[in-house]
Amino acid sequence: MSDPEAGPLRIGGPKPRRRLTGGQSYEHSSAHMSDDPTPLPAPAAADPMAAHVARLFYVEQLTKQEIAAATGLSRFKVARLLEHARAAGIVSIEIRSDALIDHRLSQALERRFGLEHALVADGYEEAGATSRDAATRDAVTRVAAAWLPQLLHKDDVLGVAWGSTIAGIAAHLPAQTGARIPVVQLCGAFANMQRGQGPIELTIGIAQSLGGRAHTLPLPAVLGELPLRREMLRHPAVAETIQRFGDVTTALVSIGSMEDKDRSALIGSGGLEPAEFERLRMNGVVGDLLLHPFDGTGHFIRTPLSDRTVVIAIEQLRQARVIAVAGGAHKRRAITAALRTGVIDVLVTDRETAEFVLAEG
598 MSDPEAGPLR IGGPKPRRRL TGGQSYEHSS AHMSDDPTPL PAPAAADPMA AHVARLFYVE
658 QLTKQEIAAA TGLSRFKVAR LLEHARAAGI VSIEIRSDAL IDHRLSQALE RRFGLEHALV
718 ADGYEEAGAT SRDAATRDAV TRVAAAWLPQ LLHKDDVLGV AWGSTIAGIA AHLPAQTGAR
778 IPVVQLCGAF ANMQRGQGPI ELTIGIAQSL GGRAHTLPLP AVLGELPLRR EMLRHPAVAE
838 TIQRFGDVTT ALVSIGSMED KDRSALIGSG GLEPAEFERL RMNGVVGDLL LHPFDGTGHF
898 IRTPLSDRTV VIAIEQLRQA RVIAVAGGAH KRRAITAALR TGVIDVLVTD RETAEFVLAE
958 G
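Using our numbering, the letters of the sequence shown correspond one by one to residues 598 to 958.
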């Protein structure tokens, strides 16, 4: 086991870019075009083989190649059967009006920032929440929860952050039958977190949904003394989770904003004193990713806070596939700058924020 004080794990090379499981597009059940030009047979009212292949693809979420291996069919035949299942009405699609995705804005964000995926939530005006911010957060977290299983692979190790956005995702995340994905807490805990929003609770809850083991970090996210930090990092329960930071392949995070101290989760949770918050703002900080502050140009800024935090290193985060989920008017500048860091691979946000980011970015 490596020394947790020896610094972050550094691995060379660019981030791997992966598409959705099974080659799926934004619409979970969208049609998949075959490479075989042979015309499809006329639709039949009932086709047990097409129904079986459709179940493997849409319900069991196997890829076409995995289905071909399991059934003995060619990949082209699998693709034709999937198209046949759609045409014959064996597969039907229901699109919920409160979970729509704006494909035009999603694709524009992907092109502008080189993202693997962008998912822009739309249709949340009718969500029935008590405020616009709550409606926005609910729509964004529902989209993230619906798509997270598609963005994960069976050999992934998922790292998770904390806060109301991640809590919303956890609340909407459907249980994944047969999944065995380990979940790692990426930062320490906070003293004044609202119930259900702390990193330990969220790590355990998401691990239960994904059928994997939870690796928690039972110590504060911000420590007052550097010698105390060194001593606590040596504790076996802490060292084991920190060692797992280097195994994280996908990280689920939100984006913190320095726009308004009265709405700052860092202040509200007890992670930062108001005076520290103001000092960061004076240094040009506009937001943070997992307690790593960055300025408006997307550069991470080292501050005295950096030596006191217990959190995955930025160098390690860059090696993972980072799914950032954030929205709302008060976070728009921070989201824009976070995209400039180059750390984010997948962004889930709302329509107004996407429009703002594209205009500013």
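The beta-carbon is built from N, C-alpha and C at its ideal position, and this holds for glycine as well.
What whole-angstrom Cβ distance do residue i and residue j have, given they're in contact under 8 Å?
| i | j | result |
| --- | --- | --- |
| histidine 889 | isoleucine 911 | 5 Å |
| arginine 842 | alanine 818 | This sequence places phenylalanine at residue 842; arginine is not what is there. Not quite, the Cβ-Cβ distance comes to about 14 Å (not below 8 Å), so this is no contact. |
| tryptophan 759 | glutamine 794 | 6 Å |
| valine 907 | leucine 825 | Wrong, their Cβ atoms sit about 11 Å apart, outside the cutoff. |
| isoleucine 664 | valine 675 | 5 Å |
| leucine 679 | alanine 651 | 6 Å |
| isoleucine 839 | leucine 849 | Incorrect: roughly 18 Å between the Cβ atoms, too far for contact. |
| serine 806 | alanine 921 | Actually they are not in contact, since the Cβ atoms of serine 806 and alanine 921 sit about 20 Å apart, beyond 8 Å. |
Is residue i buried or exposed, if buried means 16 or more other CB atoms sit within 10 Å of its CB?
| i | result |
| --- | --- |
| leucine 887 | buried |
| aspartate 632 | Annotation note: pLDDT 41 at aspartate 632 (below 50); position unreliable, coordinate value reported separately. Counting Cβ neighbours within 10 Å, aspartate 632 comes out exposed, since fewer than 16 surround it. |
| isoleucine 708 | The identity of residue 708 in the sequence shown is arginine, whereas the question assumes isoleucine. Classification for arginine 708: exposed. |
| aspartate 942 | buried |
| proline 771 | exposed |
| isoleucine 690 | exposed |
| aspartate 947 | buried |
| glutamate 713 | buried |
| histidine 681 | buried |
Identify, in the order they occur along the chain, each residue of the same chain with its Cβ nearer than 6 Å to the Cβ of residue i, setting aside the five sequence neighbours on each side.
| i | result |
| --- | --- |
| serine 854 | Gly884, His927, Lys928 and Ala931 |
| proline 779 | Val754, Gly809 and Arg810 |
| glutamate 949 | none |
| glutamate 957 | Thr933 |
| leucine 820 | Arg826 and Arg905 |
| alanine 804 | Val780 and Ala811 |
Checking 8 Å against the spacing of the C-beta atoms, do residue i and residue j come in under that value?
| i | j | result |
| --- | --- | --- |
| glycine 924 | valine 757 | no |
| alanine 934 | aspartate 892 | yes |
| glutamate 875 | leucine 902 | no |
| glycine 785 | leucine 814 | yes |
| valine 835 | alanine 917 | no |
| isoleucine 698 | alanine 667 | no |
| leucine 749 | threonine 847 | yes |
Who are the near neighbours of residue i in its chain, counting only those whose CB is closer than 8 Å to its CB and skipping five residues on each side?
| i | result |
| --- | --- |
| leucine 955 | Leu702, Ala705, Leu706 and Arg709 |
For residue i, which residues in the same chain have their Cβ closer than 7 Å to its Cβ, ignoring the five residues on either side in sequence?
| i | result |
| --- | --- |
| arginine 777 | Gly808 and Gly809 |
| glutamine 782 | Val757, Pro796, Ile797, Thr800, His812, Thr813, Leu814 and Thr838 |
| isoleucine 687 | Asp644, Ala647, Ala648 and Ala651 |
Is residue i near the ligand COA, with its Cβ less than 7 Å from a heavy atom?
| i | result |
| --- | --- |
| valine 922 | Looking at this structure, you won't find the ligand COA or any other ligand, since it has none at all. |
- request: Inspect the CB distances between the segment 875 to 888 and the segment 797 to 808 and report whether three or more fall short of 8 Å.
  value: Taking 8 Å as the limit for Cβ pairs, the verdict is that the segment 797 to 808 does not touch the segment 875 to 888.
Touch test, the segment 762 to 774 against the segment 738 to 748, Cβ-Cβ under 8 Å, three pairs minimum: Because the criterion of three Cβ pairs below 8 Å is met, the segment 762 to 774 and the segment 738 to 748 touch.
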